[in-house]
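When you line the sequence shown up against the working numbering, it's residues 122 to 564, in that order. Report on one structure; see the data block that follows.
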Amino acid sequence: MELTSGHVWTMVCAGLVLLMTPGLAFFYGGLTRAKASLNMMMMSFVSIGLVAVVWVLWGYNMSGGEGTLQLFGNPFSDLGLYGSLGTEDLIGIGFGATFAIITVALISGAIADRAKFSTWVVFVPIWVTAVYCPLAFMVWGGGLLSADGAIGSAVGEAIDFAGGLVVHISAGVAALVLALLLGKRQGFGVDPGHRPHNIPFVMLGAALLWFGWFGFNGGAAGDATEAGLIWVNTLAAPAAAMLGWLLTERIRGKRATSIGSASGIVAGLVAITPACAYVDPVGALIIGFLSGAACALAVGLKYKLGFDDSLDVVGLHLVAGILGTVMIGLLGLPMADGRAGLLYGGDVSLLLAQVVAVVIAVVYAAVVTFVIGIALKYTMGWRVTAEEEELGLDQSLHSEIAYEFGGGGMGTSYAETVDTGEQLLVAGSPAAERSSEAESARV
């Protein structure tokens with residue numbers, strides 16, 4: 122079978138999307154404390170390994186193909202993808218896998234610095250199977266929210282070109298649920314030690330995400346005209362969102378920050394994802410600017426409402442995902458089915474379809490994530506111990522440190538360490554004191 126330019130385009134875009142997960146690791150890793158940065162990055166990297174295996178064995182089947190109650194595909198229809206061997210379908214299957222990977226990795230930012238790595242490893246394949254794959258089927262696979270689905274045929278097909286509903290809203294809702302289940306970090310909102318430890322990592326991560334997002338949005342383009350519109354919109358929206366975020370910071374009496382610029386870029390990318398092929402460049406600028414300003418305000422709600430969304434997954438992905446999805450109902454260009462946004466000559470049908478789809482995605486992701494999360498909480502447990510959190514998850518869970526400056530590998534910003542032969546313990550911490558007492562007892 123001849124390898125066409127379309128095949129190559131999809132393969133390149135799949136590589137770009139896969140790069141987004143290491144980019145996310147840098148973005149999240151820089152936002153955490155130094156002593157938990159490797160753990161944060163590992164949560165993204167292990168998601169690649171876990172989801173890729175799930176996708177090959179049954180995940181792809183559940184996101185498309187023969188449906189069950191319009192909720193998910195038959196997981197056994199092509200177990201192990203043997204039926205796809207010798208076909209070009211594997212190119213699209215690989216592309217789809219990268220979306221599932223980045224979606225679950227996004228959730229990890231909400232539980233940074235306090236979650237058991239072992240529980241996360243169990244959560245990832247269950248969540249992808251029970252939440253991501255069914256939502257992908259409902260929206261893209263001919264399920265409930267598609268044109269022929271029970272809800273789609275009643276109120277109109279849900280429009281989500283690259284993952285506002287399937288990726289960002291589902292991840293944002295799951296992040297909120299887990300943040301509530303795990304509770305707050307020690308010192309949340311008062312300990313300055315929780316400030317980001319490496320802002321250049323954050324900027325690097327944002328750059329990699331933006332670069333990869335051109336594949337994220339553009340990989341499914343049907344022709345050159347659509348691809349061009351998607352590319353320009355993926356440039357315009359995050360650019361406007363960055364400006365909207367920085368302007369909001371200034372209006373609130375704060376200085377423009379590099380973290381604000383990076384976060385604004387991500388907010389704009391999230392918001393334009395569902396709409397990238399359905400709005401014109403001016404519409405993309407509007408969506409981007411509004412998402413930057415809205416998310417800049419939303420990230421502070423966790424302090425007022427009292428939930429610890431560590432790295433603002435809810436404030437960025439849920440808020441911007443909802444805004445971008447709903448704004449299609451206002452700014453959507455005329456579509457093949459005759460629908461258009463209210464400001465482009467359409468009636469309320471497109472807006473209604475988008476709102477209904479958002480509500481269903483939020484409710485479904487919230488309920489199923491809660492069931493998974495509460496089951497893991499009372500079996501494996503989600504929280505590390507207070508001593509492990511104080512020591513830092515890099516050492517307590519992985520026996521590693523991110524930065525070696527001499528002096529026991531802790532650098533000048535940390536206390537002298539005690540080497541137990543298994544891990545480094547901060548001198549004066551409860552864990553180190555217990556180790557010292559045990560050693561004295563043995564002597």
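Beta carbons: idealized from backbone N, C-alpha and C, even for Gly. Fair warning: this is a prediction, and the values are worked out from it, not measured in the lab.
Asked                                                                                                                                               : Found
Using a threshold of 7 Å, state whether the C-beta atoms of A296 and I228 are closer than that.                                                     : yes
What are the start and end residues of the alpha helix (DSSP H) that includes Q307?                                                                 : Where Q307 is concerned, there is no enclosing alpha helix (DSSP H), given that its DSSP letter is neither H nor E.
Give the straight-line distance between the Cα atoms of Y535 and K305, rounded to the nearest whole angstrom.                                       : Since pLDDT at Y535 reaches only 41, below the 50 mark, its modelled position is unreliable, and no value is offered.
Would DSSP call G490 helix, strand or coil?                                                                                                         : The amino acid at residue 490 is misidentified as Gly; the sequence shows Thr. If DSSP states are grouped into helix, strand and coil, T490 belongs with the helices.
Would you mind sorting A345 into buried or exposed? The rule is 16 or more other CB atoms within 10 Å of its CB.                                    : exposed
Whole angstroms are fine: how far does the CA of A348 sit from the CA of A342?                                                                      : 5 Å
Would DSSP call T500 helix, strand or coil?                                                                                                         : coil
Under a Cβ-count criterion, where at least 16 other Cβ atoms within 10 Å of its own Cβ denotes burial, should R376 be classed as buried or exposed? : exposed
With respect to the alpha helix (DSSP H) encompassing I228, which residues constitute its N-terminal and C-terminal limits?                         : D210 to I228
Based on the DSSP output, what are the partners of F193 in its beta bridges?                                                                        : T189
Check A236 in the structure and name its three-state DSSP category.                                                                                 : strand
Does DSSP put A552 in a helix, in a strand, or in coil?                                                                                             : In this prediction, A552 scores a pLDDT of 46, lower than 50, which makes its location untrustworthy; the coordinate-derived value is nonetheless stated afterwards. A552 falls in the helix class under three-state DSSP.
Given 8 Å as the limit, is there contact between the segment 170 to 186 and the segment 251 to 263, that is, 3 or more CB pairs closer than that?   : yes
Please classify T224: is it buried, with 16 or more other beta-carbons within 10 angstroms of its beta-carbon, or exposed?                          : buried
Can you round the beta-carbon distance between S379 and M324 to whole angstroms, since I take them to be within the 8 Å contact cut?                : 6 Å
Do the segment 235 to 254 and the segment 441 to 456 meet, that is, are 3 or more Cβ pairs less than 8 Å apart?                                     : no
Using the three-state DSSP reduction, which class does P359 fall into: helix, strand or coil?                                                       : helix
Below 8 Å, can you find three or more Cβ-Cβ pairs linking the segment 127 to 137 to the segment 205 to 214?                                         : yes
Output the boundary residues of the alpha helix (DSSP H) element that contains I290.                                                                : Unbroken run through I290: none, as it is neither H nor E.
Assuming contact is defined by CB atoms lying nearer than 7 Å, are Q191 and G277 in contact in what I supplied?                                     : no
Quick one: what does DSSP say N182 is sitting in, helix, strand or coil?                                                                            : helix
Quick check on the burial criterion: 16 or more other C-beta atoms within 10 angstroms. Buried or exposed for S274?                                 : exposed
Considering Cα atoms alone, identify which of A415, G310 and A383 is closest to K425.                                                               : G310
I need the DSSP call for S412, collapsed to helix, strand or coil.                                                                                  : helix
Taking 8 Å as the limit between beta carbons, can you name the residues of its chain near G188, skipping five residues before and five after?       : G194, N195, F258, G262, G263 and G264
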